[in-house]
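Undergrad:
Protein chains in written order, with this note's numbering: chain A, 586 to 1277; chain B, 586 to 1277.
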């Protein structure tokens, strides 16, 4: 439990100083200014007065118990001070000081020493090189952080790796008059980890929404587990910074890693039910909506407006974001017609017209909320000169009070009518400036509903020949090499992944035996680590109809591809099917990621790939297929047959299980797999597999 | 010239009233409150005092000349009043009143009568059912509009079809402390048209940027011409509302219209060099940057920050928007190293670190602006407690003052330091709240630079057989029918579009003659208006190697496809090539739109199509190809040959010329076209053409 950190009874500030620009000073000021409920003890070996408080020369001089210390002294002094803190019974130390892991080996050693000292003394370290923590719960009101945004209680908690980004999230909440619940920017994460803090937020009853920003995952598996525990009962909204730099989806199908950090984040977010964002402002706006509104039961939006254009903008954005326009029942339509002006439009959007008053708004909003096929409502209101804005706010509030469906309001007005916005916000209604923002916030809520409503299953045990697979891998483990193709196929076969008949070919003498295995027609391929695009490089001969053709092909390939590492493989020739690409990449700290796409241009040109964390449950396998834009090709287009989707699920589950069971598989690339309509199993036609 | 509208010497308000909620009252108030330089004359048949001004009973009683009247009286009274206005020499009438075209046939008749009366009296009508106009030029300061956003001079002019959207654009400029130049929301557009107003804005020296919102184009060709005149010297930023409702890209390749209103807008914007937006807020933010910053010479961005995370966000967004990260010269890097703290990072982003002061910012920004390979700079600044924000603003201003390259600033701060933002804005620097906003604004400017820098050429005359084409079309014009396939191919051939040898087949007796034309192997196809997807429906037999096979195929098709309208066609069989789809749709008021995509899943699944206005110049033909995501397939992927791009340009130019020359071609769908590497011309393999 992190109560000692986020709900400390007393805080000591080690490195407190009279210099108003020092971190130690600012932390003392923030703690006092925002009314920390316990005592604050400034510590400075020279003593002195800091913000009218007498400083203690050592923490050992402080009367009573201290749960938390903020430390902003020179890096090398930290371990010594922690020894004293241990004697005092301190439980948590926020280390603001820099000069640790981030500066090289010496700092790294110091960081290790600091953690060891802390643990020996029963202390957990937050940081170092960190901003600090806050908890705006009025019962605690702790601002043990050196930043500047005023603290005010709210129900959105923030966890950020970077201080600049964390502060930005908090700042925007402040700018729209909202506060936050807990806040932390965790810096080096040397001891106390992000997943531990996330789990703590998850259990905090005062936290309704969690916003997080991450640059890199130190322990992705722990994050995944913590997040998955939370999302069934409260939303996590997340951004992964660096999606393009280290990050843009690497899809060159054969070469290098098939998945990257950004893909890893995407896969983890999907698996854990986290709502992912790429834009800071959009995430904050969605969080604001979720902090007061319940997730919608579906994705059908109703829109009320008093002017046409912004209503159209809301429709455009809502539809672009995957929402659907709701349709009213006959009763609903009649009710709208009865209660609105004759010139009002009772379609969707409902245009109550500019002269509509508060009662018209009440009628429109409450009618839409009562509609069984409407899941959420966006209200647009431009302050026409003839409307009573106070009454508008009151009546919209009344209309929404009884409904569990989410409502957002977009107000077009200027400073004279800001009271309207304040009043709507006081009624717990999210208010935005542009119609697109309202539509996007609702769409984010619908995404959360969809993620939360998914069937969650454990990946099942499968009937596999683990021993054979282990034997193949055992022979190559530690050699960081590609498996010969016939062994790679053997490995797949051991895990029940359908493969063609295949036989290794060392020389001309092997051809007859090999052909007996594969039959005719067959395919002869070169098998060498440095021949990545076999077909492009002329290393594949198809349609070999008899022994003569096979011999001729073999001689040609053998003359073309020379070298110690080159061998050849003969394979049964399969009828052409829909090409799939499935890859897996070992992802340290997480396990293995499975990548899925369609063959050819889908991956190469359209970069249409998705990734998931191995192993996969059946619903996760389907979800991975559905995550690509080309999914409709698999379902079947315009009457043309699709592929056996359940068989592809099976295939994905088996490949993912193999990757999960053997982290030694650094890379696995099944390209292509031929998939067929029901009646024929999808089969891996080519495979590359690297064992580390 | 529209000076009488936007620079009137005197304004009369007909329908002025003492009721403060009436339009007539509000217009009088706005005119007076914002200091219109000429006299304002309230007109009310009952006389009376309106805002301390004596009302005149008729415009004829007003002393002196009146250029402009605002009319908000009952619809049926308008024509009568216009007669009086004519006697008075009024030049422009803004009609706020509704009850015209938008209410049905009676209103439409009244609207026609009003326009006729106006024209007879030398008056142009703005509206009806319109908000009005503004010109914040201090020499005029006319607020002849009944809305509420305070007027302040600026250099961004706004033209909006919808009042709600126009006001929203103006409102946001106001909210960030900016004003605007001219403004209008034009309503029914019964007389004075949007393109006329746009042209006026284009010639106004005080207008540096134009923002426009449109729901539908009354005269698209006039818009295209007006916009194309303006964009070489000032940017037009535009939104088309309704991009999804009437609007989402219709790409079912054979059926219905191949292009829609949204595609039309996209095509016109690209041709005219207009920067297109789908998000209101993004457009406003881009306009703000363009109102003070010059377009960048290229797309390489340099970033300066004092905290890491937001710098990464800026990188992510910049790269996603098509910008490139600039690289510094050795001199530049050395200069950064010399002038910044040792712990600063001198890559891109330059991280000056949180303790950096104003001089560090000055050094970083001025160094980047001096770099030859940096086209624009984004400055991020979080107000650390130890910085002198006033000095920061001053030094950033100094660093940017001498450079013509655009700079945007993102400031992370709260109300205590808003003075910093004001000071930066006063120095003509655009200031944003989120790093993504700064990156997007710069990316929009780079788009404008790219559009402005394109080679502009007229579509050339081509060597075509117009007479043959006219004869074929003449025979079918007015019958709203599909051309028989052999005639459609003949039409294409007349315009130099390569087609296979083709012959119509009526019955078995024609087979021998037809086969003599096409040779073997050949392809037999059904030709019927209601067989849209011939292959899917079994209406195409490929690979006919001899007369026997042909006869058998013919008999089978004839038995399968029956009916009066069914005929058959025999075609030369071409070697398979890269499939292209080219379509054209008559687009009333504009001419014809040409649609381009790649065959199969590119269009059907990925909706990867682009549209252009016919006819096409050679650069426009290439631009149309480059507008699709799959363009790299045409260039050639991973060493595989691409297609002859110049030959595809030729093809597109010929098809576009045909569409442009014959507006009777309601729809034309060449699907597929086989394109080949150089040495073989791309050839249309199937065509459907509907003549209206």
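Note that the Cβ used here is the ideal one computed from N, Cα and C, for glycine as well.
Note that this is a predicted model, so its numbers are computed, not measured.
List the whole-angstrom C-beta distance separating residue 681(A) from residue 626(A), where the pair is believed to meet the contact cut-off of C-beta under 8 Å.
TA: Position 96 of the first chain, counting from 1, holds the residue named residue 681(A). Position 41 of the first chain, counting from 1, holds the residue named residue 626(A). Not confirmed; about 16 Å, so no contact.
Undergrad: So, is residue 943(B) buried or exposed, given that buried needs 16 or more other C-beta atoms within 10 angstroms?
TA: In the second chain, the residue the question calls residue 943(B) occupies position 358. Buried, because 16 or more other Cβ atoms sit within 10 Å of the Cβ of residue 943(B).
Undergrad: Output, in sequence order along the chain, the residues in the segment 734–765 of chain B whose CB is closer than 9 Å to any CB in chain A.
TA: Those residues of the segment 734–765 of chain B that come within reach of chain A (Cβ to Cβ, closer than 9 Å) are 734, 735, 745, 746, 747, 748, 749, 750, 751, 752, 753, 756, 757, 759 and 760.
Undergrad: Using 8 Å as the limit for Cβ to Cβ distance, is residue 901(B) near chain A?
TA: The residue given as residue 901(B) occupies position 316 in the second chain. It does: the Cβ of residue 901(B) has a partner Cβ on chain A nearer than 8 Å.
Undergrad: Using alpha carbons as the reference points, say which of 1023(A), 958(A) and 813(A) lies closest to residue 866(A).
TA: Walking along the first chain from the start, residue 866(A) turns up at place 281. Residue 1023(A) is the option with its Cα nearest to residue 866(A).
Undergrad: So is residue 1214(A) in contact with chain B if we call contact Cβ pairs under 8 Å?
TA: In the first chain, counting from the first residue as 1, residue 1214(A) sits at position 629. It does: the Cβ of residue 1214(A) has a partner Cβ on chain B nearer than 8 Å.
Undergrad: Would you say residue 836(B) lies against chain A (beta-carbon separation less than 8 Å)?
TA: For this step, residue 836(B) is matched to residue 251 along the second chain. With a pLDDT of 25 at residue 836(B), under the threshold of 50, the predicted position of this residue should be treated as unreliable, though the coordinate-derived value follows. Output row for residue 836(B): interface = no.
Undergrad: Nearest chain B C-beta to residue 1010(A) closer than 8 Å, yes or no?
TA: Working through the first chain from its first residue, we reach residue 1010(A) at position 425. No, its Cβ sits nowhere closer than 8 Å to a Cβ of chain B.
Undergrad: Hey, would you say residue 767(A) sits closer than 8 Å to residue 878(A), going by beta carbons?
TA: In the first chain, counting from the first residue as 1, residue 767(A) sits at position 182. In the first chain, counting from the first residue as 1, residue 878(A) sits at position 293. No.
Undergrad: Taking just the CA atoms, how far does residue 822(B) sit from residue 1233(B)?
TA: Stepping through the second chain from its first residue, residue 1233(B) is reached at position 648. Stepping through the second chain from its first residue, residue 822(B) is reached at position 237. Taking the straight line joining both Cα atoms gives about 31 Å.
Undergrad: Take the Cβ of residue 922(A) as the centre, count every other Cβ of all protein chains shown within 10 Å, and call the residue buried at 16 or more, exposed below.
TA: Mapped onto the first chain, residue 922(A) falls at position 337. The residue is exposed, with fewer than 16 neighbouring Cβ atoms inside 10 Å.
Undergrad: Roughly how many angstroms lie between the CA atoms of residue 695(A) and residue 677(A), to the nearest whole one?
TA: Looking up residue 695(A) in the first chain gives position 110. Looking up residue 677(A) in the first chain gives position 92. Residue 695(A) and residue 677(A): Cα-Cα distance of roughly 18 Å.
Undergrad: At 7 Å on the CB atoms, spell out the chain A contacts of residue 828(B), in chain order.
TA: As a first step, residue 828(B) must be located in the second chain, where it is residue number 243. Result: 901.
Undergrad: Any Cβ of chain A within less than 8 Å of the Cβ of residue 868(B)?
TA: Here the question's residue 868(B) lines up with position 283 in the second chain. Chain A, which has no Cβ nearer than 8 Å to the Cβ of residue 868(B), makes this no.
Undergrad: Does chain B have any CB closer than 8 Å to the CB of residue 895(A)?
TA: On the first chain, residue 895(A) is found 310 positions in, with the first residue counted as 1. With 8 Å as the cut-off, residue 895(A) counts as an interface residue toward chain B.
Undergrad: Identify which residue in 760(A), 985(A) and 646(A) has its Cα closest to the Cα of residue 1344(B).
TA: Shown here, chain B extends from 586 to 1277; a query on residue 1344(B) therefore has no answer.
Undergrad: State the Cα-Cα distance for the pair residue 615(B) and residue 718(B), rounded to the nearest angstrom.
TA: Here residue 615(B) refers to the residue found at position 30 of the second chain. Here residue 718(B) refers to the residue found at position 133 of the second chain. Distance between the alpha carbons of residue 615(B) and residue 718(B): 11 Å.
Undergrad: Taking all protein chains shown into account, do 16 or more other C-beta atoms lie within 10 angstroms of the C-beta of residue 672(A), making it buried, or fewer, making it exposed?
TA: Reading the first chain from its first residue, position 87 is the one you call residue 672(A). Answer is exposed; the Cβ neighbour count stays below 16.
Undergrad: Does the distance from the C-beta atom of residue 896(A) to that of residue 864(A) stay below 8 Å?
TA: Locating residue 896(A) in the first chain gives position 311, where the first residue counts as 1. Locating residue 864(A) in the first chain gives position 279, where the first residue counts as 1. Cβ atoms of residue 896(A) and residue 864(A): not closer than 8 Å.
Undergrad: Just verifying my parser: in three-state terms, what is the DSSP assignment at residue 844(A)?
TA: As a working note, residue 844(A) is residue 259 in the first chain. Because residue 844(A) carries a pLDDT of 43, less than 50, the predicted location of this residue cannot be relied on, and no value is offered for it.
Undergrad: From the beta carbon of residue 718(B), is the nearest beta carbon of chain A less than 8 Å away?
TA: Against the second chain, residue 718(B) aligns to sequence position 133. No, no contact with chain A.
Undergrad: Since residue 977(A) sits in a beta bridge, which residues does DSSP pair it with?
TA: Numbered from 1 along the first chain, position 392 holds the residue referred to as residue 977(A). For residue 977(A), which the question treats as bridged, DSSP gives no partner whatsoever.
Undergrad: Is residue 773(A) buried or exposed, if buried means 16 or more other CB atoms sit within 10 Å of its CB?
TA: Position 188 of the first chain holds residue 773(A). Flag for residue 773(A) reads buried.
Undergrad: Quick one: list the residues of chain B neighbouring residue 611(A), beta-carbon separation under 7 Å, in chain order.
TA: The residue you call residue 611(A) lines up with position 26 of the first chain. Correct list: 970.
Undergrad: So which residues on chain B does residue 591(A) lean against when the C-beta distance must stay under 9 Å?
TA: What you label residue 591(A) is simply residue 6 of the first chain in a count that begins at 1. The premise fails here: residue 591(A) is roughly 22 Å from chain B at the closest Cβ pair, so nothing lies under 9 Å.
Undergrad: If distances are taken between C-alpha atoms only, which option among 1129(A), 1119(A) and 894(A) comes closest to residue 1145(A)?
TA: Stepping through the first chain from its first residue, residue 1145(A) is reached at position 560. When each option's Cα is compared against that of residue 1145(A), the closest is 1119(A).
Undergrad: What residues from chain A crowd round residue 798(B), counting only those whose CB sits closer than 8 Å?
TA: Walking along the second chain from the start, residue 798(B) turns up at place 213. Simply 894.
Undergrad: Return the Cβ separation of residue 1042(B) and residue 1204(B) in integer angstroms, given the expectation that the two are a contact with Cβ distance under 8 Å.
TA: Numbered from 1 along the second chain, position 457 holds the residue referred to as residue 1042(B). Numbered from 1 along the second chain, position 619 holds the residue referred to as residue 1204(B). Residue 1042(B) to residue 1204(B), Cβ: 6 Å. Contact.
Undergrad: With H, G and I counted as helix, E and B as strand and the rest as coil, what does DSSP make of residue 788(B)?
TA: On the second chain, position 203 is the one that residue 788(B) refers to. Correct three-state label for residue 788(B): helix.
Undergrad: Thinking C-beta only, is residue 1034(B) closer than 8 Å to residue 1303(B)?
TA: As shown, chain B starts at 586 and ends at 1277. That puts residue 1303(B) outside it, with no answer to give.
Undergrad: Pick out whichever of 984(B), 918(B), 1028(B) and 762(B) has its Cα sitting closest to the Cα of residue 1278(B).
TA: Here chain B comprises residues numbered 586 to 1277, so residue 1278(B) is not present and cannot be evaluated.
Undergrad: Rounded to the nearest angstrom, what separates residue 874(A) and residue 763(A) at their Cα positions?
TA: Counting from one through the first chain, the residue named residue 874(A) turns up at place 289. Counting from one through the first chain, the residue named residue 763(A) turns up at place 178. Their backbone Cα atoms lie some 12 Å apart in a straight line.
Undergrad: Does DSSP classify residue 802(B) as helix, strand or coil?
TA: Numbered from 1 along the second chain, position 217 holds the residue referred to as residue 802(B). Residue state, collapsed to three classes: coil.
Undergrad: Using a Cβ-Cβ cutoff of less than 6 Å, which residues in the same chain neighbour residue 619(A) once the five nearest sequence positions on both sides are dropped?
TA: Translated into the one-based positions of the first chain, residue 619(A) becomes position 34. The residues are 726, 728 and 736.
Undergrad: In this structure, does DSSP put residue 909(A) in helix, strand or coil?
TA: As a first step, residue 909(A) is located in the first chain; it is residue number 324 there, counting from the start. Correct three-state label for residue 909(A): strand.
Undergrad: Under 6 Å Cβ to Cβ from residue 1012(A), same chain only, skipping five residues before and after it: list those, please.
TA: Sequence index remark: in the first chain, residue 1012(A) carries index 427 (1-based). These residues qualify, in order along the chain: 982.
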